[in-house]
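Just so we're aligned, residue -15 is where the sequence shown starts under the working numbering, counting upward by one. Beta carbons are placed, not taken as given, at the ideal position from N, Cα and C, and that holds for glycine.
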Amino acid sequence: MEANVSAAVLVTGATGKVGRRLIPLLLRRGATVRAASRSLLPARTGIEPVRFDWTDESTYEAARKGVDAMFLVAGPVPQAAHADYVGALLDGAAEAGVEKIVLLSPYGVGQAPPENPLRRIELALETSGVPHTLVRPVAFMQNFSEGLRWREALVEGIRERDEIAAPGGDGVVSYVSTEDVAAIAAIALTEDGYQGKAYAPAGPEPLTLTEVAEHISWAAGRRIRYVETDRTPIRDALLAAGAPPETAEHNSQVYVHAFSSGAQGVLNDDILDVTGRPPRSFAEFAVGAAAAWRR
């Protein structure tokens, strides 16, 4: 595939699990990065920090002006508003010279009805006139090591109480490393041949939360057990983080379904096909993340 090694790439969610791993991959490919986040990142060679807030459209123009490609992640705003904000950012993107867009979207959104807020984002991208790639990963391995909203309580439970407290039962998920997701995004943003395609990055093995606990136990050097809960702790943590009640209610149901239904226990070759490398295993991830679970 032909690479655009001089591309200027806007990375939204630059401090997120995928964004901060994507930036060094883009730099290694010779791209320059406009790192967009609500708090400015430190400037360094190849990186232009820019303040960006999905809820403040006055920050959009400085973020998108002069870039060749965009990596989009809808930010922590009420779901009903996601599509409106993304649509506003996309307005005029084609005329402004944007050649490629990669959208990070949750697994399974492609089967959602058109009125679903996250599906509306994908549909807005399809009508933007810009060649694009959809990346819809299953749940991240890093959810167990890097806290955000209710996941902070998940990490704390492992570290402080030796337990993974979450709904899930015997449901399986083929957890994927954000490093592999970032690798797909970096290639799609800087090379031709990936536009008009959708990928569903997944890890190499479907795991129950009991099996996840076994991997973390081995890496942490002590026994970690899985404790099944209902969705109340997730909903309460989302409310405490400022989510509107309807969003907290909906998202907690989504998380329960993701853990327990087995729908994300998929296996495919997307990571191998795009990157040329097999996906990282949970055992590999756990060894590298062990410091997150030390007391």
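Taking 4 residues as the shortest admissible run, the region 52 to 136 contains the following complete alpha helix (DSSP H) segments, listed from N- to C-terminal end: 63 to 74, 101 to 110. When secondary structure is reduced to three states using DSSP, Thr39 falls in the coil class, being assigned neither helix nor strand.
Close CB contacts of Leu87 within its chain, under the 6 Å cut and outside five residues either way in sequence, are with Leu56, Leu109, Leu118 (chain order).
In terms of Cβ geometry, Ala232 and Ala123 do not form a close pair [threshold 8 Å]. Taking the CA atoms as reference points, Ala225 sits about 30 Å from Val(-7). Counting other Cβ atoms within 10 Å of its Cβ, Val271 stays below 16 and is therefore classed as exposed.
When secondary structure is reduced to three states using DSSP, Val(-7) falls in the strand class. Proximity to Tyr159 across Ala47, Phe269, Gly3 peaks at Phe269, based on C-alpha coordinates. In this structure the region 207 to 215 does not lie against the region 156 to 173, because fewer than three pairs of beta carbons, one per stretch, are closer than 8 Å. Non-local beta-carbon contacts of Pro188 in its own chain, meaning distances under 7 Å to residues more than five positions away in sequence, involve Pro262, Pro263, Ser265 in chain order. The three-state reading of DSSP puts Val160 in strand, counting E and B together.
Shown here, Thr259 sits in a helix according to DSSP, grouped into three states. Rounded to whole angstroms, the gap between the alpha carbons of Ala80 and Thr111 is 15 Å. When the Cα atoms are used, Ala247 and Thr29 turn out to be separated by approximately 42 Å. For Glu195, the uninterrupted alpha helix (DSSP H) run begins and ends at 193 to 204, by DSSP. Across the set Ala77, Asp154, Gly141, the C-alpha of Ala77 shows the shortest separation from the C-alpha of Val51.
Pro121 places its beta carbon 8 Å or farther from that of Ala67. In the DSSP secondary-structure assignment, Arg28 is bridged to Ile31. In this structure Lys181 is exposed. Its beta-carbon is surrounded by fewer than 16 other beta-carbon atoms within 10 angstroms.
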